[in-house]
Amino acid sequence: MTGDALEALRRVCDEVREGRPEEGVLGVTPSIVAAPGTVEEASAVMRVAAERDLAVIPRGNETRLDWGMPPTRCDLLLDTARLDRVIEHAADDLVVKVEAGLSLDRLAETLAAHGQRLALDRPLPGSTVGGTLATAAGGPLRLLYGSSRDLLIGVTMIRADGQVAKAGGKVVKNVAGYDLGKLLTGSFGTLGLIVEAAFRLHPLPQARAYVTGAAEHAERAWQAVRGVLHSPLAPAAIEVDAASDGPVTVGVLVEGVPEGVAARAEAVAGVLGPDARIADAPPRWWGVYPEGSTLIEVTAPPSALPRLVAALAAAPGARLRGSAGLGGLFVGLDTTDPAEAAALLKALRSVGAATVRYAPQPVRDEIDLWGPVPALTLMRRVKDQFDPGHRLSPGRFVGGI
Amino acid sequence: MGLAALARRFAEAIGDEWVITDPVRLRTYECDGLTHHRATPGLVVLPDTAEQIAMVVRECAAAGVPYVARGSGTGLSGGALPRTDGVLIVTSRMRRILRIDPDDQRAVVEPGVINLELTRAARPYGYYFAPDPSSQQICSIGGNVAENSGGAHCLKYGFTAHHVLACEIVTPDGEITTISRGDGGYDLLGAFVGSEGTLGITTKITVRLTRLPETVQTLLAAFETIEAGGAAVSAIIGAGIVPAAIEMMDALSIEAAEAAVACGYPEGAGAVLIVELDGPAAEVEREFAEVRRLCRERGAFEIRTAADEAERELIWRGRKSAFAAVGRISPAYLVQDGVIPRTALPRVLARIDELSRDSGVRVANVFHAGDGNLHPLVLFDDAEPEAARRAEEVSGRILDLCIEHGGSITGEHGVGVDKARHMPRMFTEVDLDTMQMVRCAFDPAGLCNPGKVFPTPRLCGEVPGIRKEPHPLVREGKAELF
Chain A
103 MTGDALEALR
113 RVCDEVREGR
123 PEEGVLGVTP
133 SIVAAPGTVE
143 EASAVMRVAA
153 ERDLAVIPRG
163 NETRLDWGMP
173 PTRCDLLLDT
183 ARLDRVIEHA
193 ADDLVVKVEA
203 GLSLDRLAET
213 LAAHGQRLAL
223 DRPLPGSTVG
233 GTLATAAGGP
243 LRLLYGSSRD
253 LLIGVTMIRA
263 DGQVAKAGGK
273 VVKNVAGYDL
283 GKLLTGSFGT
293 LGLIVEAAFR
303 LHPLPQARAY
313 VTGAAEHAER
323 AWQAVRGVLH
333 SPLAPAAIEV
343 DAASDGPVTV
353 GVLVEGVPEG
363 VAARAEAVAG
373 VLGPDARIAD
383 APPRWWGVYP
393 EGSTLIEVTA
403 PPSALPRLVA
413 ALAAAPGARL
423 RGSAGLGGLF
433 VGLDTTDPAE
443 AAALLKALRS
453 VGAATVRYAP
463 QPVRDEIDLW
473 GPVPALTLMR
483 RVKDQFDPGH
493 RLSPGRFVGG
503 I
Chain B
34 MGLAALARRF
44 AEAIGDEWVI
54 TDPVRLRTYE
64 CDGLTHHRAT
74 PGLVVLPDTA
84 EQIAMVVREC
94 AAAGVPYVAR
104 GSGTGLSGGA
114 LPRTDGVLIV
124 TSRMRRILRI
134 DPDDQRAVVE
144 PGVINLELTR
154 AARPYGYYFA
164 PDPSSQQICS
174 IGGNVAENSG
184 GAHCLKYGFT
194 AHHVLACEIV
204 TPDGEITTIS
214 RGDGGYDLLG
224 AFVGSEGTLG
234 ITTKITVRLT
244 RLPETVQTLL
254 AAFETIEAGG
264 AAVSAIIGAG
274 IVPAAIEMMD
284 ALSIEAAEAA
294 VACGYPEGAG
304 AVLIVELDGP
314 AAEVEREFAE
324 VRRLCRERGA
334 FEIRTAADEA
344 ERELIWRGRK
354 SAFAAVGRIS
364 PAYLVQDGVI
374 PRTALPRVLA
384 RIDELSRDSG
394 VRVANVFHAG
404 DGNLHPLVLF
414 DDAEPEAARR
424 AEEVSGRILD
434 LCIEHGGSIT
444 GEHGVGVDKA
454 RHMPRMFTEV
464 DLDTMQMVRC
474 AFDPAGLCNP
484 GKVFPTPRLC
494 GEVPGIRKEP
504 HPLVREGKAE
514 LF
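Chains as they are written, first to last, in my numbering: chain A, 103 to 503; chain B, 34 to 515.
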């Protein structure tokens, strides 16, 4: 079967070869790897996959291919590396349209040359536009600028049947039709292949200051976070870094014009306490996922911070980091013991939503990566509509989707 | 079960006084803000709880009766246009602000809560609800969610979609569920907000509140020509400034506003620009100086800066009254809503001007210049035969211009019934088919606000692309396949 499929794919795509064991998606080796160079080629590849009932998993730069569950099968790894063009940068309109395989780092370089940026953090260097959207990844700047779904203004996808569909456009203000871009954001390749994306951009700030201060305990840290949140200082980000038993570090990013930033940074420092420090560069933990073999993404209201820190006690060595201002954080843990991970998850889920992004396989096998997700029935129905054959990243997502 | 039986059932469950069957009273609900589309609803029901809405939806589903949700009825695309053979579910009794939580910067409201009421309730805590459609004094937040409403200040603060964190909804199955950001599943909330009431009815909304800015500065700049005003807008944005709002009005809309509210805008202006900056004082001060300089450099012959709140309101009064004010200079008018890339402003405005001269139909231009969202007001005399048709045509041609320049057929008013027929000019059949997959997932029976957004309904429950024989409805000529 693979031989036939290989031949069929080679007829429509320049780069097709057999998969290698080291390319496995969480241990599941792809039979074939195809790297289409254009949207048309990608569409043709997806059509062949549909005709031959191939399970397809998109691959960007593999920074988050280990997130979620292993696929139940992987016949075709669809590599987006050659889809890496900047299609249009309308600098005066503060809009950019790119192909999904472009890395955010390269995009940032292009935009910086015009004094602009896509206000989306890059917690993992090298990650692509498509992968970032598919995993709804983001970092500290979400507080002021919104998440990837909020910055996305248009999307082109290839459907399970190989047809090319788009939604949105290249203007920021647009309410024509359903917002499929938001639906695809965070869908982990289970609804379609993202091939193009248009984003709204922001001017690069003239000045930045990072203010950090240590709070001796979580309650104090929350008071500091609340103080900054509730102030008119318009922070771009409010982050925390906490271990289960140590102090909690609060970090605040202020952006703007130089005089304004200096004054606001001083004011923030006043809120954080006498030991607060102001620096031009971020602290080393800024926007980096917490260390450990397990990563858990947590969503809870900002005021839940002390309870989240308290929940870390369920697994000594766990570390909490992320946007305290927004209530979107990460917990890192080094463990191979499913019981320890489960205890931590239980504690976190008593506070907010907690989704395991990655974990050692023995842990992944034993725990529920997602926990309760209220509208799962509707989600399954969306999946059935978009991918009736359940061939797109099968088994990778919540509820076995 | 027919409508009469449904009415009895609803009256039993919700109370007689909340079920309207009297033809005269039903007429109150025959249209929303888009008044030239009218349909008297078969039945109106005013539930007070999510459970009651779920019951109404379940009964409608069982009876195969279509239903439409309505908030305050201020929509401008006929999104809440009722069905004569269906039930109109009005949320105006559900006006409770359930929680305001300044610590977490959020509020929980019922769908009938008036937009401005939430801001009023949040203000004592130092917060407000950022989406500010010009109907904010009467429009409901449930309606804002359905339409993904914007407003003058969404240039900086985004639309309703950016401020909604979770919705409790009644699905077209009649089930109550919650869709939210960050629960790890599909972003159903992202698809729901702005779906114009076609995916279900929201019964409880958790929104993010925005901190009141330290400073607000507003100026009015008068230019001799609209081109000069447009150039100033480009210069401001190009300088890396993100104002809270940039609004523009042309000579005709200034004339109308003057006649209606005597806003006292500078005489002889071919265009006025309202620029508002907000944020930390030092930033605003510095950028405001830059805005003034850029306006002057691009030919502003008068710049007025609001010294206090009263002066600020005076500047805004002309702009906010513009739609209604046009009634002073024309017996009737159409409000258009299109979007173009901001940089295309001068070209598109010149083309609209040409269109107007060639057709003899006057067009007053009011727009959110910062994000290229045009609101041309197409004027006509409804006593004159053919005038309405000519106005419609000019209005449609303006949408063509928006599409030609890579824009959108609607920036904030929605598609509704008004623009469903224009959707194929912006999207391919496959695009529309794909969007309707979402609809099929939520509402396979197609009873929830049918006939809106999409020009042709998609048949649900079929595997796309693989059909062995024509669907019975197609064979009977009742439906069309892409």
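Glycine is no exception: its CB is placed at the ideal position from the N, C-alpha and C atoms.
Alpha-carbon to alpha-carbon, residue j and residue i
i        : j        : result
B/Val52  : B/Phe43  : 7 Å
B/Ser167 : B/Ala355 : 10 Å
B/Gly108 : A/Ala383 : 48 Å
A/Gly419 : A/Ala413 : 12 Å
A/Gly429 : B/Thr210 : 22 Å
A/Ala441 : A/Arg113 : 50 Å
A/Ala146 : A/Gly264 : 6 Å
B/Ala416 : B/Arg395 : 16 Å
A/Ile255 : A/Asp195 : 13 Å
A/Pro172 : A/Gln308 : 44 Å
A/Thr314 : B/Asp341 : 37 Å
B/Ala512 : B/Pro490 : A caution first: B/Ala512 carries a pLDDT of 46, below 50, which makes its placement in the model unreliable, though a value can still be read off. Whole-angstrom Cα-Cα distance: 8 Å.
A/Ala267 : A/Lys284 : 14 Å
B/Ile147 : B/Ile171 : 6 Å
A/Pro334 : A/Leu167 : 40 Å
A/Gly232 : A/Leu204 : 8 Å
B/Pro497 : A/Val198 : In this predicted model, B/Pro497 has a pLDDT of only 43, less than 50, meaning its place in the structure is not dependable; the value taken from the coordinates is given anyway. Their Cα atoms are separated by approximately 32 Å.
Partner residues on chain A for residue i, Cβ-Cβ distance less than 8 Å
i        : result
B/Ser168 : Within chain A, no residue comes near B/Ser168; the closest Cβ sits about 15 Å away, beyond 8 Å.
B/His195 : Gly248 and Asp252
B/Cys187 : Lys275
B/Glu180 : Val277
B/Met456 : Ala278 and Gly279
B/Val448 : Val277, Ala278 and Gly279
Under 8 Å between C-beta atoms of residue i and residue j
i        : j        : result
A/Arg310 : A/Val274 : no
B/Tyr281 : A/Ala278 : The residue asked about is misnamed: residue 281 of chain B is Met in this sequence, not Tyr. Against a cut-off of 8 Å, the Cβ pair of A/Ala278 and B/Met281 comes out as no contact.
A/Val237 : A/Leu222 : Residue identity check: residue 237 of chain A is Thr in the sequence provided, not Val. Result no, Cβ atoms of A/Thr237 and A/Leu222 do not sit closer than 8 Å.
B/Leu188 : B/Asp404 : yes
A/Trp169 : A/Arg466 : no
A/Ala338 : A/Leu246 : yes
A/Ala202 : A/Leu156 : no
B/Gly312 : B/Thr248 : yes
A/Gly427 : A/Pro404 : yes
A/Ala110 : A/Val150 : yes
B/Glu229 : B/Lys485 : yes
B/His446 : B/Asp370 : yes
B/Ser267 : B/Asn398 : no
B/Gln85  : B/Ile130 : no
Cross-chain neighbours of residue i in chain A, by beta carbon under 9 Å
i        : result
B/Asp404 : Val273, Val274 and Lys275
B/Asp451 : None at all; the shortest Cβ gap to chain A is about 12 Å.
B/Ile373 : Val273
Within chain A, the residues that residue i reaches when beta carbons sit closer than 7 Å
i        : result
B/Met459 : Ala278
B/Ser428 : None at all; the shortest Cβ gap to chain A is about 16 Å.
B/Gln369 : Within 7 Å Cβ-Cβ: nothing; B/Gln369 doesn't reach chain A, min ~14 Å.
B/Ser441 : Gly271, Val273, Asn276 and Ala278
Contact set between residue i and chain B, taken where Cβ atoms lie within less than 9 Å
i        : result
A/Met148 : Within 9 Å Cβ-Cβ: nothing; A/Met148 doesn't reach chain B, min ~12 Å.
A/Lys268 : Phe460, Thr461, Val463, Asp464 and Thr467
A/Met481 : Gly218, Tyr219, Leu221 and Ala474
Residue i: first and last residue of the uninterrupted beta strand (DSSP E) it sits in
i        : result
A/Leu180 : Leu178 to Asp181
B/Gln516 : Absent from the model: residue 516 of chain B. The displayed extent of chain B is 34 to 515, so no value can be given.
B/Cys200 : Val197 to Val203
B/Ser213 : Ile209 to Ser213
Closer than 8 Å at the beta carbon, the chain B residues around residue i
i        : result
A/Leu282 : Ala224, Thr467, Met468 and Val471
Delimiting residues of the alpha helix (DSSP H) encompassing residue i
i        : result
B/Gly429 : Ala420 to Glu437
B/Asp386 : Leu378 to Ser392
Cβ of residue i within 8 Å of any chain C Cβ
i        : result
A/Trp387 : The displayed structure is made up of protein chains A and B, and chain C is not among them.
Segment contact, 8 Å Cβ cut-off, at least three pairs: the segment 476-494 of chain A with the segment 279-294 of chain A: Yes: at least three Cβ pairs fall under 8 Å.
Measuring CB atoms only, is the segment 304-322 of chain B touching the segment 267-286 of chain B, in the sense that at least three cross pairs come out at less than 8 Å? Counting C-beta pairs closer than 8 Å gives three or more between the segment 304-322 of chain B and the segment 267-286 of chain B, which meets the contact rule.
Within 8 Å, do at least three Cβ pairs link the segment 475-485 of chain B to the segment 199-207 of chain B? Yes, they touch.
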